[in-house]
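**Q** Residue numbers (the numbering used here), protein chains in the order written: chain A, 1 to 426; chain B, 427 to 530. Don't be surprised by glycine CBs; every beta carbon is placed ideally from N, CA and C. Mind having a look at this structure? Questions to follow.
Below you can see the structure in the form of structure tokens.
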């Protein structure tokens, strides 16, 4: 009798084991199945958010944690319209609730250290998070040391960059609003490469558009360290001339050397402005540097384009503006979203021990407003070249708008709505 | 002899099929289609007045993109983007979007 009971218990436990096996067989389908692994994504901008979202969309049972220092996502694209007073901060701010709803664990915090060997990272406050694969989307940070006086001026808030959307956007809008009629708004563009190649020229147009109406005696001075306009050149030149002649002045080869109060010193001249908007020279975000991943020109992270893994630390994927780009690949939110999908697809295959896609494609679309109601675009498609192990633009593809137009202003806002939803699972 | 030839041809066809299967990654269509999501929504479920791609019959999408490529269909931007994809890639994307439910 006793023997029979034991036998029955054995049978029951065997049944439980069978059920467990069945569940394991469905890994990737059933949320209760075993995890493929733990992926931690650091940085919740276009690249990081998209990676987290697509790991869940495509990966099934991947444990995904997103660490982001800010409470909300604030978009750089469209933020120039806030500076012009044509959009509000609420229009460019979205939450992380969509990502939470699809199962991403969102942690608000600052990563202070990455231990690549031990596969863990530490947050301010001391908490540690372990991972099987790490994705860093640290964006850019500024090389303020290249311009005398810039660091203290930025710290005090007297000079703003507004090249990371958020409080800087709000503060620069206030400075523009407080400018007297007849005042000067001077914007300094760093030598390429920098985040969002057409962004400074869009900003010049949008601020000029606002000032022309609200403070018509004011000036926009665009001081470009580069020898020419870096993106959509003919379209911006036409906008400057046709729309903002007398308001906007563009100067090439005008590199900022030093700041002192409201005085800006260039190589051959000094100038004073009511608002100094300095877009500083840029490099990969601090986290990439502290993790030891910056290995190109002492500025950027080299990556394997099939997996987006750092060439300095395989197993650590780096995406977006922090990467040393493939030829003609812009640093843009759109491109970061595309990097993210290559990374997410590769990570899932790698966790499963399967081959990664050997022929990825990424593409880019950047819309720029030249006024409150008209926009222009630049587009490119980049196919992976197996021989040279990099992405290359397809000859004959891509290009810019024929002329500024209202339809593309609508598309620009439609693009924002769709990419925010795609990246943040809205 | 004829029979041998036929077997040979069948073997070649089989090898060809295997070669194709090896060359094409199982998620290639999905990954290619994801490059469209920034404007046309995740899995082609567009928001606002951007064109939804989910549920579009594949022959319709292939014809549209072909017309953008050839210049038969004027566009603001799609004529430039369509030229970046091969006809084979367009077929794969079209099949992927056709298989998506039209409503999210």
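In chain A, which residues lie with their C-beta within 7 Å of the C-beta of residue 506(B)?
**A** 379, 397, 398 and 399
**Q** So which residues of chain B does residue 411(A) contact, with C-beta pairs closer than 8 Å?
**A** 465, 476, 502 and 503
**Q** Name, please, each residue of chain A whose Cβ falls closer than 9 Å to the Cβ of residue 510(B).
**A** 361, 363, 379, 380, 381, 382, 383, 393, 394, 396, 397 and 398
**Q** Who does residue 163(A) pair with in a DSSP beta bridge?
**A** In DSSP, residue 163(A) forms no bridge with anything.
**Q** Could you give the distance in angstroms between the alpha-carbon of residue 219(A) and the alpha-carbon of residue 200(A)?
**A** 16 Å
**Q** Would you mind telling me which residues of chain A sit closer than 7 Å to residue 458(B), beta carbon to beta carbon, in chain order?
**A** Here the neighbours are 361.
**Q** Taking residue 190(A) as the reference, which of 171(A), 183(A), 146(A) and 180(A) has the closest Cα?
**A** 146(A)
**Q** Taking Cβ-Cβ distances below 8 Å as the criterion, which residues of the stretch 314-341 of chain A are in contact with chain B?
**A** 334, 337, 338 and 341
**Q** When the cut-off is 8 Å and only beta carbons count, does residue 91(A) lie next to chain B?
**A** Residue 91(A) has a beta carbon lying at 8 Å or more from every beta carbon in chain B.
**Q** Quick check on the burial criterion: 16 or more other C-beta atoms within 10 angstroms. Buried or exposed for residue 407(A)?
**A** Exposed is the call here.
**Q** Step through the CB atoms of chain B and report whether any lies within less than 8 Å of the CB of residue 358(A).
**A** yes
**Q** Taking C-alpha atoms, which residue in 50(A), 209(A) and 39(A) lies nearest to residue 467(B)?
**A** Proximity to residue 467(B) across 50(A), 209(A) and 39(A) peaks at 50(A), based on C-alpha coordinates.
**Q** Under 8 Å by Cβ, that's how I've got residue 295(A) and residue 307(A) pegged, so tell me the actual separation to the nearest angstrom.
**A** In fact, because the Cβ distance is near 16 Å, the residues do not count as touching under 8 Å.
**Q** Taking residue 196(A) and residue 397(A) to be in contact with their CB atoms under 8 Å, please state how far apart those CB atoms are, rounded to whole angstroms.
**A** Going by Cβ atoms, the distance from residue 196(A) to residue 397(A) rounds to 21 Å, so no, they are not a contact pair.
**Q** Can you confirm whether residue 26(A), when its beta carbon is compared against all beta carbons of chain B, has any partner nearer than 8 Å?
**A** Because residue 26(A) carries a pLDDT of 34, less than 50, the predicted location of this residue cannot be relied on, and the following value inherits that uncertainty. No - not a single Cβ of chain B is within 8 Å of the one on residue 26(A).
**Q** Under a CB-based cut-off of 8 Å, is residue 472(B) close to chain A?
**A** yes
**Q** Is it right to say residue 349(A) is buried, meaning 16 or more other beta carbons lie within 10 angstroms of its own, or is it exposed?
**A** buried
**Q** Please state if the CB of residue 99(A) and the CB of residue 174(A) are separated by a distance shorter than 8 Å.
**A** no
**Q** For residue 84(A), which of 202(A), 381(A) and 365(A) has the nearest alpha-carbon?
**A** When each option's Cα is compared against that of residue 84(A), the closest is 202(A).
**Q** With a cut-off of 8 Å, does the C-beta of residue 491(B) fall near any C-beta of chain A?
**A** no
**Q** Just how far apart, CA to CA, sit residue 343(A) and residue 309(A)?
**A** 8 Å
**Q** Of all the alpha helix (DSSP H) runs that stay within the bounds of the stretch 139-194 of chain A, which reach a length of 4 or more residues?
**A** 150-156 and 167-178
**Q** Mind checking who residue 237(A) pairs with in its DSSP beta bridge?
**A** According to DSSP, residue 237(A) bridges with nothing at all.
**Q** Counting C-beta neighbours from all protein chains within 10 Å, is the total for residue 87(A) 16 or more, i.e. buried, or is it exposed?
**A** buried
**Q** Looking only at its chain, what residues have a beta carbon closer than 6 Å to the beta carbon of residue 162(A), apart from the 5 residues adjacent to it on each side?
**A** 168, 169 and 172
**Q** Name the one or two DSSP bridge partners that residue 354(A) has.
**A** None, per the DSSP bridge assignment.
**Q** Does residue 388(A) come within less than 8 Å of chain B when only Cβ atoms are used?
**A** no
**Q** Would you identify the three-state DSSP class for residue 332(A), choosing helix, strand or coil?
**A** coil
**Q** Candidates 157(A), 96(A), 413(A) and 39(A): which alpha carbon is nearest residue 261(A)'s?
**A** 157(A)
**Q** What in chain B is Cβ-close to residue 415(A), meaning under 7 Å?
**A** 464 and 465
**Q** Could you tell me which of 59(A), 338(A) and 187(A) sits nearest to residue 360(A), measuring between CA atoms?
**A** Ranking 59(A), 338(A) and 187(A) by CA distance to the CA of residue 360(A) puts 338(A) first.
**Q** I think residue 46(A) touches residue 320(A), with their Cβ atoms under 8 Å apart; what is that distance to the nearest whole Å?
**A** 7 Å
**Q** Short of 6 Å in beta carbon distance, which residues of its chain neighbour residue 508(B), apart from the five on each side in sequence? Order them along the chain.
**A** The beta carbon of residue 508(B) lies closer than 6 Å to those of 491, 494 and 495 in the same chain, with the five residues before and after it left out.
**Q** Which same chain residues end up closer than 8 Å to residue 305(A) when comparing Cβ atoms and leaving out the 5 residues on each side of it in sequence?
**A** 326, 342, 360, 384, 389, 390 and 391
**Q** Decide if residue 79(A) is buried, meaning its Cβ has at least 16 other Cβ atoms within 10 Å, or exposed.
**A** buried
**Q** Measuring only the C-alpha atoms, how far is residue 211(A) from residue 188(A)?
**A** So the alpha carbons of these two residues sit roughly 18 Å apart.
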